[in-house]
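Chemist: Next up is a structure, given as structure tokens.
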Amino acid sequence: MTVLQTSTGERLAGLRQWQREAFEEYFRREPRDFLAVATPGAGKTTFALTLASELLARHAVRSVTIVCPTEHLKKQWAEAAARFGIAIDPDFKNGQGALGRRYTGAAVTYAQVAAHPMLHRNRTEARRTLVVFDEVHHAGDALSWGDAVREAFDPAARRLALTGTPFRSDVNPIPFVDYVQDAEGVRRCSWDYNYGYAPALGDGVVRPVLFMAYSGEMRWRTKAGDELAARLGEPLTQDALAQAWKAALDPKGDWIKKVLAAADRRLTEVRNATPDAGGLVIATDHEAARAYARILRKITGQGATVVLSDDPTASKKISRFAESDERWMVAVRMVSEGVDVPRLMVGVYATSTSTALFFAQAVGRFVRSRRRGEVASVFLPSVPTLLELAGEMERERDHALDRPLKEGEEFDPEGRELDEARKKRDTPDAGEELPFETMEASAEFDRVLYDGSEFGGGTPDSPEEEDFLGLPGLLEPEQVAQLLRKRKADQRAGERKAPSGGEPDGGPPEHERVASLRKELQGLVGAWHHRTGRPHGMIHNELRRACGGPPIAQASPDQIAERIAKIRAWATGGS
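For the sequence shown, my numbering gives the first residue as 2, with consecutive numbering after it.
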């Protein structure tokens, strides 16, 4: 076993301020358990290994065990530890029992621990051990996992828990994490050091993220032969939204093709300032991933790196992509948390997984900053859940126990979705296939979300969309906000100067009139839905066929008013 013979001062040299503060807080108390919460991309690995090397140098511990979610992360940790002179075995198997003498410790997965907790307990008891829990929230994925982690590592001399997302919507307690009861009697997780996205953004540690949302018309045929339609970005029933979302992600439709083309245009702009910038498409399953790669080849003329979950060469592919200047990588959703490629600056969220935990992990792949001014862009469908999560990037969350479940809320959505993600996903799961044939899936630029605000709302292939796609790839967070606010002000000024189209002087601006009419129409469509049982999207399409004109997003005030009159006529028995 070899540990670099350096002083504490040398170990602290070059650390970011938050890493140094967390280090000092740890050694101020030297607790047995310490929970450090730091936003994805902030440098949790460097902090943990600095701490580990200090504890080894002080002989407070003699061995290090790193527990992480995926096989790929085991190798990443071992490579990072080697730079600190800490020899970690990433290939340790339960069957081998003992660790090789040349190693200071091992990297294992939570699943590996759950398979044989007593083996890992014996290893922990044999030497004074520091256990590092990477993304410790995974220890609460299942009660059995939590029990195994407790059994295996209860004897540890020191335990360091790390997470960038210290929240779950289930009520499974995370092992070795303290919970403090609030005034309402709800137990909430208590951390020892917290460094959130907002302060990290201010420090230039992470990138600002622009979310580019796309709506569009979806039409599909069910197995029974019925043709249904819906529009992303408009209120829909849960079933209609799920089917419209899947239609959008269907490689045979035009939605995903348009969005991938837009994302590639954005990547081209970013590469003007950062030539090695890369893009990542997060797909739902292997079949879709391969199809998206074929679409990207048609768009770019270049192949994309495809990373599949059961591919034994997945780690090598990720490492090779990280060190190259290739444009695109496509990965199944289950590897998103294991993808650590700092040059990723453009993403496409092409999966129907929608929990807060997974969304934060996915976006975390793009926020790691290498130099000040880098801007990340994530393309996603205009789905209410995703838009809400995108608008809450800077909101701190925590994990609460004892809270009552909301009506219709599942007991363990994260656990269910992460269990699904860990499955081999060669094709959509049985019973998960599209219950329809996609007939139309058009994409239209909807809006940009940044720092909790919304900007845009243009027409397909509009100059406004091109303006957003062409934003400089190097901007400070405040510069991004200023530029977006200026464009919003310019848009409003243009609306005020534009001919009123018959609107009397002193009347409301056209965009306000459009918003009011859309709201009125949507209320009438909702009432007609409850009366007839027809989906919202189908009703909108019937109104469009009856009255003519473009989709609702491009309809003029007069065209929307005509549809309002038509649906009122239907309600009173007219035609």
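The beta-carbon is built from N, C-alpha and C at its ideal position, and this holds for glycine as well.
1. Helix, strand or coil for Trp-19? Go by DSSP, reduced to three states.
2. On the DSSP bridge assignment, give the partners of Ser-378 in chain order.
3. Just to confirm the assignment, what range does the alpha helix (DSSP H) spanning Tyr-111 have?
4. Please report the distance separating the alpha-carbon of Phe-360 from that of Gly-254.
5. State the Cα-Cα distance for the pair Glu-521 and Ile-257, rounded to the nearest angstrom.
6. Could you tell me if Met-119 is buried or exposed, where buried requires 16 or more neighbouring beta carbons within 10 angstroms of its beta carbon?
7. Can you check which of these residues, Met-440, Leu-36, Phe-380, Arg-535, is closest to Met-213 by C-alpha distance?
8. Rounded to whole angstroms, what's the CA-CA distance from Ala-556 to Asp-326? Just pull it up for me.
9. Taking the beta strand (DSSP E) that Ser-54 belongs to, which residues open and close that run?
10. For the alpha helix (DSSP H) containing Ala-37, list its first residue and its last residue.
11. Which term fits Glu-410, buried or exposed, when burial requires 16 or more other beta carbons within 10 angstroms of its beta carbon?
12. Answer yes or no: do Tyr-196 and Ala-43 have a C-beta to C-beta separation smaller than 8 Å?
13. Could you pull out every residue in the same chain whose Cβ sits closer than 6 Å to the Cβ of Arg-151, ignoring the five residues on either side in sequence?
14. Strictly by DSSP, which residues pair up with Trp-329?
15. Got a sec? Which residues, its chain only, sit under 8 Å from Asp-468 by beta carbon, not counting five neighbours each side?
16. Going by beta carbon distance, what residues of the same chain come within less than 6 Å of Ala-444, once the five residues before and after it are set aside?
17. Starting from the C-beta of Arg-291, find all residues in its chain whose C-beta is less than 7 Å away, skip the five residues before and the five after it, and write them out in chain order.
18. CA-CA distance, Glu-504 and Pro-558?
19. If I follow the unbroken beta strand (DSSP E) through Ala-230, where does it start and stop?
20. Using C-beta distances below 6 Å, list every residue in its chain close to Glu-397, excluding the 5 sequence neighbours before and after it, in chain order.
21. Residues in the same chain with beta-carbon distance under 6 Å from Arg-298, minus the five sequence neighbours each way, listed in chain order, please.
22. Taking 7 Å as the cut-off, is the C-beta of Gly-348 nearer than that to any heavy atom in the ligand NAP?
23. CB Tyr-111 to CB Val-68, shorter than 8 Å?
24. Report back the beta-carbon spacing between Ala-263 and Met-219 to the nearest angstrom; my notes put them in contact at under 8 Å.
Modeler: Checking against the coordinates, here is how it stands:
1. helix
2. Leu-211, Val-347
3. 111 to 116
4. 24 Å
5. 31 Å
6. exposed
7. Phe-380
8. 43 Å
9. Here Ser-54 belongs to no beta strand (DSSP E); instead the alpha helix (DSSP H) covers 45 to 58.
10. Unbroken run through Ala-37 is the beta strand (DSSP E), 34 to 39; no alpha helix (DSSP H).
11. Below a pLDDT of 50, predicted positions are generally treated as unreliable, and Glu-410, at 43, falls in that range; the measurement from the model is reported next regardless. Label assigned to Glu-410: exposed.
12. yes
13. Pro-176
14. Gly-280
15. Arg-488
16. Tyr-215, Gly-217, Trp-256, Lys-259, Val-260
17. Val-307
18. In this prediction, Glu-504 has a pLDDT of 45, which is less than 50 and means its spatial position is unreliable; what the coordinates show is noted afterwards. Whole-angstrom Cα-Cα distance: 10 Å.
19. 228 to 233
20. Low local confidence applies: a pLDDT of 49 at Glu-397 is under 50, so the model's placement there is unreliable, and no value is given.
21. Gly-304
22. The ligand NAP is not part of this structure, which contains no ligands at all.
23. yes
24. Wrong, their Cβ atoms sit about 18 Å apart, outside the cutoff.
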